[in-house]
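**Student:** Here it is, the structure in full.
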Amino acid sequence: MTNDVLIIGGGVIGLAIAVELKLRGAKVIVTSRDFHAAATHAAAGMLAPDAENISNQAMQDLCWRSRSIYADWTYKLEQLTGCNTGYWPCGILAPVFSEEEREIGRNISPHHPTTPSSSTTYWLDKETIHQYQPSLGQEVTGGWWYPEDAQVDNRALAKALLGAAQSLGVELKEGIAVEGILQQQGQVVGVQTNAGILRAEHYVLATGAWTNQLFPLPVRPAKGQMLSVRVPEAIAQLPLTRVLFGQDVYIVPKRNRRIIIGATIEDVGFTPQNTPAGIQTLLQAAIRLYPQIQDYPIEELWWGFRPATPDELPILGNSPCQNLTLATGHYRNGILLAPVTAALIADLIWEQKSDPLLSHFHYSRFQNKSSTSSVMLTHPLPASPDQAQVNSLTLKSEASPEKSFAPNPDTPLVIAGKTFTSRLMTGTGKYRSIEEMQQSVVESGCQIVTVAVRRVQTKAPGHEGLAEALDWTKIWMLPNTAGCQTAEEAIRVARLGREMAKLLGQEDNNFVKLEVIPDPKYLLPDPIGTLQAAEQLVKEGFAVLPYINADPMLAKRLEEVGCATVMPLASPIGSGQGLKTIANIQIIIENANVPVVVDAGIGSPSQAAQAMEMGADALLINSAIALAKNPPLMARAMNMAAVAGRIAYLAGRMPIKDYASASSPMTGTITS
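Each residue of the sequence shown is one higher than the last, beginning at 0 in numbering that gives the first Met the number 0.
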């Protein structure tokens, strides 16, 4: 039994677990950046294990179990808070437009009459379905009826969960950004936040799409755009009272005359905002399914980020740390699975009771099954021809007879949904030869190389043959708008850069390092032009990595318009002066929700390590490597410095004191 639990994440999953644990007598703390901005608020509230046609049997059982307790669970929340959750067992109708769609539904429809927990499914022919739900599109030829599926008002549910947590005495810490999980010898000993370190006996990771930023789990954001329309007051009775689940769209009517239309599925990382293409796709599919919608006024547009895993199943249960429990990766079924997740996780923490169903959702399913030890690769170090080869930094497993260590496992660097293991980016300019550049890139261990588009286009010295010089199947090109003095120039060059990446085989490369530099002497970026260009490029679908002065306000504005990173300068480009803007970079790091890449001015490995120790997510270094006496050797040193700085940041340095403190204990000493 654990009395003191800290839950990281204030969405429906985190709050549901908090309420369940509190009802069992636990002392519970929940941290969240913003309880009203969780993914819960961006959902439609469908409880649709049958309509979703879930093929995995364990997932199907989990969803069925959750749906079966949903009415009692929401009733309990309503009794605690007086808030109506909008639970509505309205059933779900899945119309089809062709016999082929019917057969697909027949083949994978969850209809198992011999299974006690299975659901009932009915086929409705064309005449029946149009009678059952008038005003469907004329192309509808029939449909599946799932009477046991239901819905809930997700925003009302979020309000009820928050109210229940407050009324029960759960300690809610809002505005808290968790920056890291502190570990020692296989135990979590605290979480580092923007407000200091928080500690508990047990921890629950329920951070949804953001999980990978704190723990190395394969959870990525799957963006979904949505909108709602409102039934005009002139229409006396609600014309639509059943959820319509189409092949490319779903339509969810609410009792308050609101109709929700969703949702796109986009692998674009944390790129925010609605797009005309996304909304148009939804509207076209919705109007085809239920034409009356085209006459209803649009009420709201929004988007959210689902937590997706490679197999689209949640990650539940124990973690590599004895006192950390995982509850994440619910993808499209977070609202549906909230009650059963809360019950299973509470049983696990409070009673040390592991339901057999949890074994199907254990994190270990993503690990290499052939590995018999828990060796952790912190970061690869490439071999150097000038010194003994170091293959990797590894940690001994607990099975080892030698002393074992358990530092904080790092997470990969994720930029615009693309994952990188190296946190050092390099450039291709200023080298004395192509061969020297090639060797330096290899020694740096980098996975991202920035290329100045204008110099490649003009075959500037040092850039001849660049396209053939590097293996672009292993290195991600970062086209650079270097040399552009205005926003307009930078936008044009960015478009050229995207085409250049395609020519090299990187069809999906939409990255651009944005530089707008009108100042020829100090090469300082233009903040206004950079912001203007970033806004346009984000609208065009670019993953924008803007090079900026170390201006915290500009960094926040660029993040808000949808940039994939911010890249503050440490000191002027090519100066080698090191970190001259430490205070401002620190503020940017503390407030950023996107990766912070320190760019320009770093001259030595010690300066690179210092930047990483501050908490920078990555470095971009060119001149310090290219202008060294031995560039490949310096590239290797910069790689090692970036790794050392990152590990030091994760480890957490000792506090600075104004007085001496003996290293040896003063008790138990020999006295005369």
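All C-beta atoms in this analysis are idealised placements derived from N, C-alpha and C, irrespective of residue type, glycine included.
#1: According to DSSP, simplified to helix, strand and coil, what is Trp301?
#2: Assign Leu624 to one of two classes, buried (16 or more other C-beta atoms within 10 Å of its C-beta) or exposed (fewer than that).
#3: Could you give the distance in angstroms between the alpha-carbon of Phe360 and the alpha-carbon of Ala93?
#4: Please tell me whether Gly207 and Gly8 are closer than 8 Å, where the distance is taken between their beta carbons.
#5: Spell out the partners DSSP gives Phe244 in its beta bridges.
#6: May I ask you to list the residues that DSSP assigns as paired with Ile260?
#7: At the level of alpha carbons, what is the spacing between Ala176 and Asn255?
#8: If you scan the segment 461-519 from start to end, which runs of the alpha helix (DSSP H) of 4 or more residues do you find wholly inside it?
#9: Just to confirm my understanding: we take Gln212, look at its own chain, exclude 5 residues before and 5 after, and list those with CB closer than 8 Å. What are they?
#10: From the DSSP output, in three-state form, read off Ala672 for me.
#11: Should the segment 471-483 be called in touch with the segment 492-502, which here means at least 3 C-beta pairs below 8 Å?
#12: Identify which residue in Val642, Gln56 and Asn590 has its Cα closest to the Cα of Asn193.
#13: Looking only at C-alpha atoms, which of Val441, Val595, Cys320 and Ala617 sits nearest to Gln183?
#14: How should Asn509 be labelled, buried or exposed, when 16 other C-beta atoms within 10 angstroms of its C-beta is the threshold for buried?
#15: Is Ile68 helix, strand or coil by DSSP?
#16: Report buried or exposed for Gln165, applying the criterion of at least 16 other Cβ atoms within 10 angstroms of its Cβ.
#17: CA-CA distance, Ala641 and Leu423?
#18: In chain order, what residues of the same chain have a beta carbon less than 7 Å from the beta carbon of Cys445, not counting five sequence neighbours either side?
#19: Roughly how many angstroms separate the alpha carbons of Thr210 and Ile588, rounded to a whole number?
#20: Where does Met637 fall in DSSP's three states?
#21: Using the Cα positions of Val593 and Tyr546, report the straight-line distance between them to the nearest angstrom.
#22: For the alpha helix (DSSP H) containing Pro551, list its first residue and its last residue.
#23: Would you report the Cα separation of Thr280 and Leu135, rounded to the nearest angstrom?
#24: Would you mind working out which of Trp349, Met476, Ile297 and Ile16 sits nearest Leu282, comparing C-alpha positions?
#25: Kindly say whether Asp598, judged by its beta-carbon, lies nearer than 8 Å to any beta-carbon of chain D.
#26: Alpha carbon to alpha carbon, how far is Cys62 from Pro379? Give it in angstroms, no decimals.
#27: Starting from the Cα of Thr324, find the closest Cα among Pro275, Ser65, Tyr202 and Lys172 and give me that residue.
**Tutor:** Short version:
#1: Taking the first residue of the sequence shown as 1, we reach residue 301 at position 302. Strand, per DSSP.
#2: The sequence position of residue 624 within the sequence shown is 625, counting from 1. In the sequence on display, residue 624 carries Ile and not Leu. Ile624 is buried by the Cβ-count criterion.
#3: Numbered from its first residue, the sequence shown carries residue 360 at position 361. Numbered from its first residue, the sequence shown carries residue 93 at position 94. The straight-line gap from Cα to Cα measures roughly 28 Å.
#4: If you number the sequence shown from 1, residue 207 lands on position 208. If you number the sequence shown from 1, residue 8 lands on position 9. Here Gly207 is near Gly8, since their CB atoms are less than 8 Å apart.
#5: Numbered from its first residue, the sequence shown carries residue 244 at position 245. Note: Phe244 is bridge-paired with Tyr249 in the DSSP secondary-structure output.
#6: Locating residue 260 in the sequence shown gives position 261, counting from the first residue. DSSP links Ile260 through a beta bridge to Leu226 and Ile250.
#7: As a working mapping, residue 176 is identified with position 177 in the sequence shown. As a working mapping, residue 255 is identified with position 256 in the sequence shown. Roughly 35 Å separates the two Cα atoms.
#8: The qualifying runs are 465-468 and 486-502.
#9: Here residue 212 is taken as the residue at index 213 of the sequence shown, counted from 1. Taking C-beta separations shorter than 8 Å and ignoring five residues to either side along the sequence, the partners of Gln212 in its chain run Thr206, Thr410 and Val413, following chain order.
#10: The requested residue 672 does not occur in the structure, where the chain is confined to residues 0 to 671.
#11: These segments touch.
#12: Here residue 193 corresponds to residue number 194 of the sequence shown, with the count starting at 1. Considering only alpha carbons, the answer is Asn590.
#13: To locate residue 183, count along the sequence shown from 1; it is residue 184. Out of Val441, Val595, Cys320 and Ala617, the CA that lies nearest to the CA of Gln183 is found in Cys320.
#14: On the sequence shown, residue 509 is found 510 positions in, with the first residue counted as 1. The residue in question, Asn509, is buried, as its Cβ has 16 or more Cβ neighbours within 10 Å.
#15: Translated into positions along the sequence shown, residue 68 becomes position 69. Looking at Ile68 - three-state DSSP - the assignment turns out to be helix.
#16: Within the sequence shown, residue 165 is the residue found at index 166, counting from 1. Exposed, since its Cβ has fewer than 16 Cβ neighbours within 10 Å.
#17: As a position in the sequence shown, residue 641 is number 642, starting the count at 1. As a position in the sequence shown, residue 423 is number 424, starting the count at 1. In a straight line, the C-alpha of Ala641 is about 7 Å away from that of Leu423.
#18: For the purposes of this step, residue 445 is taken as residue 446 along the sequence shown, with counting starting at 1. Only Ser421, Leu423, Met424 and Thr425 meet the Cβ criterion.
#19: Here residue 210 refers to the residue found at position 211 when the sequence shown is read from its first residue. Here residue 588 refers to the residue found at position 589 when the sequence shown is read from its first residue. Between Thr210 and Ile588, the C-alpha separation is close to 18 Å.
#20: Reading the sequence shown from its first residue, position 638 is the one you call residue 637. DSSP places Met637 in the helix class (H, G or I) of the three-state scheme.
#21: For the purposes of this step, residue 593 is taken as residue 594 along the sequence shown, with counting starting at 1. For the purposes of this step, residue 546 is taken as residue 547 along the sequence shown, with counting starting at 1. So the alpha carbons of these two residues sit roughly 14 Å apart.
#22: For the purposes of this step, residue 551 is taken as residue 552 along the sequence shown, with counting starting at 1. Pro551 to Glu559 is the span of the alpha helix (DSSP H), which, as asked, contains Pro551.
#23: Taking the first residue of the sequence shown as position 1, residue 280 is located at position 281. Taking the first residue of the sequence shown as position 1, residue 135 is located at position 136. A straight-line Cα-Cα distance of about 18 Å links Thr280 and Leu135.
#24: Start at 1 with the first residue of the sequence shown, and residue 282 comes out as number 283. When each option's Cα is compared against that of Leu282, the closest is Ile297.
#25: Among the chains of the structure shown, chain D does not appear; only one protein chain is present.
#26: Here residue 379 refers to the residue found at position 380 of the sequence shown. Here residue 62 refers to the residue found at position 63 of the sequence shown. For Pro379, the pLDDT reaches just 37, beneath the cut-off of 50, and the residue's location in the model is therefore unreliable, although a value from the coordinates is still provided. Distance between the alpha carbons of Pro379 and Cys62: 40 Å.
#27: Within the sequence shown, residue 324 is the residue found at index 325, counting from 1. Of the candidates Pro275, Ser65, Tyr202 and Lys172, the one whose C-alpha sits nearest the C-alpha of Thr324 is Tyr202.
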